[in-house]
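Notes to accompany the following structure.
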Amino acid sequence: MTPRVREILSWYESDNPGVKTNLARMLNHGTLGGSGRMVILPVDQGFEHGPARSFAPNPPGYDPHYHFQLAIDAGCNAYAAPLGFLEAGAASHAGEVPLILKLNSHESLLSDRDPISVQTASVGDALRLGCCAIGYTVYPGSSLAGEMYEQIRDLAEEAKAAGLAVVIWSYPRGSSLSKDGETAIDVAAYAAQIAAQLGAHVIKVKLPTAHIEQDAARKVYEKEKIPVGTLAERVRHVVQSAFGGRRIVIFSGGAKTGDDELFEQAKAIRDGGGFGSIMGRNAFQRSKADAVKLLGRIMEIYR
Amino acid sequence: MTPRVREILSWYESDNPGVKTNLARMLNHGTLGGSGRMVILPVDQGFEHGPARSFAPNPPGYDPHYHFQLAIDAGCNAYAAPLGFLEAGAASHAGEVPLILKLNSHESLLSDRDPISVQTASVGDALRLGCCAIGYTVYPGSSLAGEMYEQIRDLAEEAKAAGLAVVIWSYPRGSSLSKDGETAIDVAAYAAQIAAQLGAHVIKVKLPTAHIEQDAARKVYEKEKIPVGTLAERVRHVVQSAFGGRRIVIFSGGAKTGDDELFEQAKAIRDGGGFGSIMGRNAFQRSKADAVKLLGRIMEIYR
Amino acid sequence: MTPRVREILSWYESDNPGVKTNLARMLNHGTLGGSGRMVILPVDQGFEHGPARSFAPNPPGYDPHYHFQLAIDAGCNAYAAPLGFLEAGAASHAGEVPLILKLNSHESLLSDRDPISVQTASVGDALRLGCCAIGYTVYPGSSLAGEMYEQIRDLAEEAKAAGLAVVIWSYPRGSSLSKDGETAIDVAAYAAQIAAQLGAHVIKVKLPTAHIEQDAARKVYEKEKIPVGTLAERVRHVVQSAFGGRRIVIFSGGAKTGDDELFEQAKAIRDGGGFGSIMGRNAFQRSKADAVKLLGRIMEIYR
Amino acid sequence: MTPRVREILSWYESDNPGVKTNLARMLNHGTLGGSGRMVILPVDQGFEHGPARSFAPNPPGYDPHYHFQLAIDAGCNAYAAPLGFLEAGAASHAGEVPLILKLNSHESLLSDRDPISVQTASVGDALRLGCCAIGYTVYPGSSLAGEMYEQIRDLAEEAKAAGLAVVIWSYPRGSSLSKDGETAIDVAAYAAQIAAQLGAHVIKVKLPTAHIEQDAARKVYEKEKIPVGTLAERVRHVVQSAFGGRRIVIFSGGAKTGDDELFEQAKAIRDGGGFGSIMGRNAFQRSKADAVKLLGRIMEIYR
Amino acid sequence: MTPRVREILSWYESDNPGVKTNLARMLNHGTLGGSGRMVILPVDQGFEHGPARSFAPNPPGYDPHYHFQLAIDAGCNAYAAPLGFLEAGAASHAGEVPLILKLNSHESLLSDRDPISVQTASVGDALRLGCCAIGYTVYPGSSLAGEMYEQIRDLAEEAKAAGLAVVIWSYPRGSSLSKDGETAIDVAAYAAQIAAQLGAHVIKVKLPTAHIEQDAARKVYEKEKIPVGTLAERVRHVVQSAFGGRRIVIFSGGAKTGDDELFEQAKAIRDGGGFGSIMGRNAFQRSKADAVKLLGRIMEIYR
């Protein structure tokens, strides 16, 4: 147990040893084990975007076993997926990589300006599948956000009592926000705060832009001269917004992008005090060899 | 146990000794302990308004430990916050300051004319975190008010059976009310009455203006010549509206304002028979030294 | 036990002895005890209309203890109020007057054409407060009436199993009705029938006018020459509509009115075979001495 | 919060903040508040030994209010009693002294060589009465000990989840033990260990003699030369046996004895690293003035 | 994941991935991780035999933290203990060593010819403490064995549903057996079979002697010429008796003995196809340096 991991665990002072154990399992696993940084492989795009959009660029990804093995080969801290994907491979790969069961899902056949991600797995499923954590998506800004807040509250209470960690994907969306607003720095910081207040142990947000969405927020950013010009500064602000750095915040890059940009993002996350990356499409939409190489280089940046 | 606290406890005649014990813990704690007056530090603005708007003016406030320590150093009767903030510091500060767990929250990314504050923590959470009370916000006047009334009814019954006190934030909002109406004296008095009828032990309302919102009410105020010209008179009317003074009513000032105005408000609350203040942004958006000084002067007014 | 009370109790032949005991407690209490007639004091206007509109005309009424004492001094059969009002005085006045806990409430800040009265207390609350009955308001004609019917069904089942009587306030309102229709004789009779079919032991309706709201009903009233010309005739028709007189039906007069009119109403209720009055504002919006005198004269009419 | 209390709380590292808060409430209350030592007033003798044997020596003790006031006047850290005694005074003394509800009781009308103490109150009772802890007696060595172990396991799990501390009275008795064996040093140390393994936060044992009951133990005490010659040495050994000093162990002297002996016992408890005394009959079987004086002198020894 | 561990996991084909994950966690941890062999440190003697008999030979063992650290330093696969011992250190050592919570305990103050080990912890406790498995002792041959079989059946069903592995200590005792019979080869093999049939994933038995206890069994052993002359042969027979080698069987040596004998035993376990050792007193009753050395040499034998 490294001093850094011990320090991180100390932040979760109200949690039982079970939760701390499962956080430690994720923090101590893989290439970055013990560093206090994490790279997580999430593969929920099949449900979220459909199979062809997700897996046709690299067809082995249609097979759920592929992603377990990718997470293992690449030395990720954890692998996150919905019920079906985990059920299809959790026995074969028992004990090989920490698992996060996504408890809710959203499909994109539906054209909904105010999305809701609905429950598609349970805390009991997470236990029977040997997971370290539950995952849950909230959409701050959606008119249905309240329903998700109430559901994750209920599920998080149950998960924590059973010693499972809670990972919240906090993705602003909905009719209250402009498209740019979804990744605006004020909104991203707010999304991180909401997840932290909901009791998340690990918070996943998108990398924010310098755009400021809310008028009421803009006044404060300008008056207090909050530095948000560089990506590293924005990462630092988001991490600060998650309880002054007392919660693990990891960042996703979103859609597939160029590798150099990914490395720049990782450096900014590292320099801004972020805790790592959650990288899905950029990882599983290329060959496994390439993906392992890519993730390895990202991990080198964090180490 | 002072005669005044004993008198106040006697008003809660249907409550079990557990509820009385927790009310006594809050009434007897801190600088105002035993006086029958309370100053409570609430920090739910991170969820309600976003992190930068809340904490950028005094960045140590991003850290949840800061607010525990502020409430302790300032001698507040209690500290109120949502789940995440309390989880992040309740073990380190166990037994140092009475805690109120806010059981519902509302985020302001959403543009909602008829707001609803949704459940984000439970009575079980309040017990495991060692809280003295649950807190809950209702928005009288919102078309969704009924959902909140039913939820707090359910939660309050559960909390009281477990010996926890119930604090209701009663904030009129919604499409039925004009902006001025939200703090109109008739509406504020009504909001206090609703909270009392819902079974609140402690009621938090905003300081009211002399505006009268409802036509049906205006006739009565004029006919009965209810004095509402001064702030102290309006406080007196609101306290009277909460069961003729048999319920603890405390007042919030809202957004950050000048210190002299805060002192005037505190004097009016005192002179009108109010039970104290709940002061968030005016406290935590300045340096801790200044906040302790400010709260100390407010407490001197109440003592 | 008088023959009349014994006869009334015999109508509730499916109910358990607990329900009969609680009905008997109300029927045998106060000035009218044993007569089969009832005068009930209801004070739910604080929640329904706001505190100033309710209590400013007689300020001692802000204090919940006042109404317990008024019901006791006036010799009422029962006192009905929402949770907060009963909690605030039920221990001091334990055993002094039968209590009815209003389980739902509606606030008038909201501008709603189709009102719903939401649950604000529970059967468990009624038991722990020592009540004889639960009270519940339905709004026949509101588009949300169904939600109330389902809720009272559920609550009534629970209350009866616990030996509590069920009192239903049946007040037609909503976008389906004209203003005059709310007190139309066909609508009032219909409201009484609905309450009876929902399983009410005691039904409270407003005194009806001779107006007929529904075309389909008008044809029958005309064809069958149902006498509804006088108030006594209309009372008789409403009582008949509540299971041919096998259910206790009591009448409210609504807003404060002249005393002579009240006496005329009581005589009509008596002559029409009604079971008594439920009188709120006309009682508590005058001095206690005057209220006791007024109620005494009403009771003399019924005796 | 003194460093010593903070240190003690740190030992309970698996417990939630609620448990820590209630431990802190007891450790910080009264004359010894903050010292890490405790003097608790227990009055369960009415049930255990009968009323005359318990209260006739000082008849005001028949009144449950007497003992609340004694604990308050003497500055005890907590007052422990069965359901009836706490119900009879918890409201009047709400918030004045930390309470421990004894959840099981044993009566001495029964001549049972293998005693069992049966459940006479619940965790829910403890919550509604505003208690800081539950108390429970086990009789190691009784052929019925297993039933008590299973019951306190169940109750302790429930209590801890609700934030209540767990105090176990561990009193060896039963046909397996000689009379001398009940207070033998090997048996007392074993009793402390059992309570600690059952998950007790606070352990109450009787002051042990130098007698050794078990042959298998005697060999070890002799071989390892465990010093048990003086009372302080025996206290030290018992404290060591409760997780090497990581659990609060307090001692009872049993039947009424001379004051000088009590002082000597307290000095031995202090010198042996014990955490304090639980003193019943020696306190409440003399006049209140004398009891307050006696307890005050005991506390001086611990301070 | 080594082929051997993968093979072992394949035997538990009805179990969910959670159980397999927790078995893998134990099989993959520590010095023997991946070998398919296990050395487990169990410290339940404080409850079973008393503190002095357990810890006086090496007094640091009174402190629960000591045993966590010993298991970690020695590279054990897991550490097993009762509730109190795990609660006292599970947070500080979260994630450092797989934990097995002993769910039942037996104290030796009691002179019971037919022992029963009673429940002193729950599956919920195991989850909140972050354990990989529950442990449970049965006493085949005790007249109370049936009660334990029924209880572990119930607990095992609950544990497996939650993904926890089940470790059964199967220790023949009771009035039906002679003292020699408790470790007789026929009885030991039978005990292993019973544990396997009860659904254990890991079975702990004592090293058997060549004695045969049961007449009915003796006939078979003689007729079938089952080789039980050497310890390795007896280990092989016991492993065979646990589903032909499809269940993990580990052996305990019992009381402290000479090191050379321990090494001979380990070699016999290895040569007989046993899966390892569970070694308590021989480990924690010497200095930690010596214990780490001893356990290291044992592990070398297994590697």
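Chains as they are written, first to last, in the working numbering: chain A, 1 to 303; chain W, 1001 to 1303; chain D, 2001 to 2303; chain Y, 3001 to 3303; chain H, 4001 to 4303. Every residue gets a Cβ at the ideal spot worked out from N, C-alpha and C, and that includes glycine.
Cβ neighbours of residue i in the same chain (closer than 7 Å, five flanking residues each side left out)
i: D:I2152; result: Y2136, V2138, I2168, L2198
i: A:K267; result: I301
i: W:D1154; result: none
i: Y:M3299; result: T3031, L3032, V3039, G3075
Check whether residue i and residue j have beta carbons under 7 Å apart
i: D:T2002; j: D:G2034; result: yes
i: H:A4191; j: H:P4172; result: yes
i: H:R4236; j: H:G4276; result: no
i: Y:A3078; j: Y:K3102; result: no
i: Y:L3164; j: Y:N3022; result: yes
i: W:E1096; j: W:I1134; result: no
i: A:Q240; j: A:G253; result: no
N-terminal and C-terminal residue of the alpha helix (DSSP H) that residue i is part of
i: Y:T3021; result: 3017-3027
i: A:I301; result: 288-302
i: H:P4227; result: Premise fails: H:P4227 is in no alpha helix (DSSP H) and is neither H nor E.
i: D:G2276; result: Not the alpha helix (DSSP H): D:G2276 falls in the beta strand (DSSP E), residues 2276-2278.
Sequence-distant residues of the same chain with beta carbon closer than 8 Å to residue i, five excluded per side
i: A:R218; result: D186, I212
i: W:T1209; result: D1180, T1183, A1184, I1185, R1234
i: D:G2036; result: T2002, R2004, V2005, E2007, I2008, L2027, F2275
Minimum Cβ-Cβ distance from residue i to chain Y less than 7 Å
i: A:P42; result: no
i: W:M1001; result: yes
i: H:Y4263; result: Per the sequence shown, residue 4263 of chain H should be read as Phe rather than Tyr. No, H:F4263 lies away from the interface with chain Y (no Cβ there is under 7 Å from its Cβ).
i: W:A1090; result: yes
i: H:Y4190; result: no
Residue i in three-state terms, based on DSSP
i: A:W11; result: coil
i: W:L1207; result: coil
i: W:S1054; result: helix
i: D:S2241; result: helix
i: Y:F3251; result: strand
i: Y:G3046; result: helix
i: A:A191; result: helix
i: Y:A3133; result: strand
Beta-carbon proximity list for residue i, same chain, < 6 Å, skipping 5 on both sides
i: D:A2195; result: I2168, S2170, I2203
i: D:S2108; result: H2049
i: A:K288; result: L70
Short CB-CB distance (under 7 Å) between residue i and chain A
i: H:L4103; result: no
i: H:N4020; result: Note that residue 4020 of chain H is Lys in the sequence shown here, rather than Asn. By this cut-off, H:K4020 is an interface position.
i: W:E1213; result: no
Contact with chain H by residue i, beta-carbon distance below 7 Å
i: Y:S3014; result: yes
i: Y:V3228; result: no
N-terminal and C-terminal residue of the beta strand (DSSP E) that residue i is part of
i: W:Y1079; result: 1078-1081
i: D:M2038; result: 2038-2042
i: H:V4097; result: Note, H:V4097: premise wrong, no beta strand (DSSP E); not H, not E.
CB contact check: residue i to chain D, cutoff 7 Å
i: W:G1273; result: no
Within-7 Å CB hit, residue i to chain W
i: Y:E3096; result: yes
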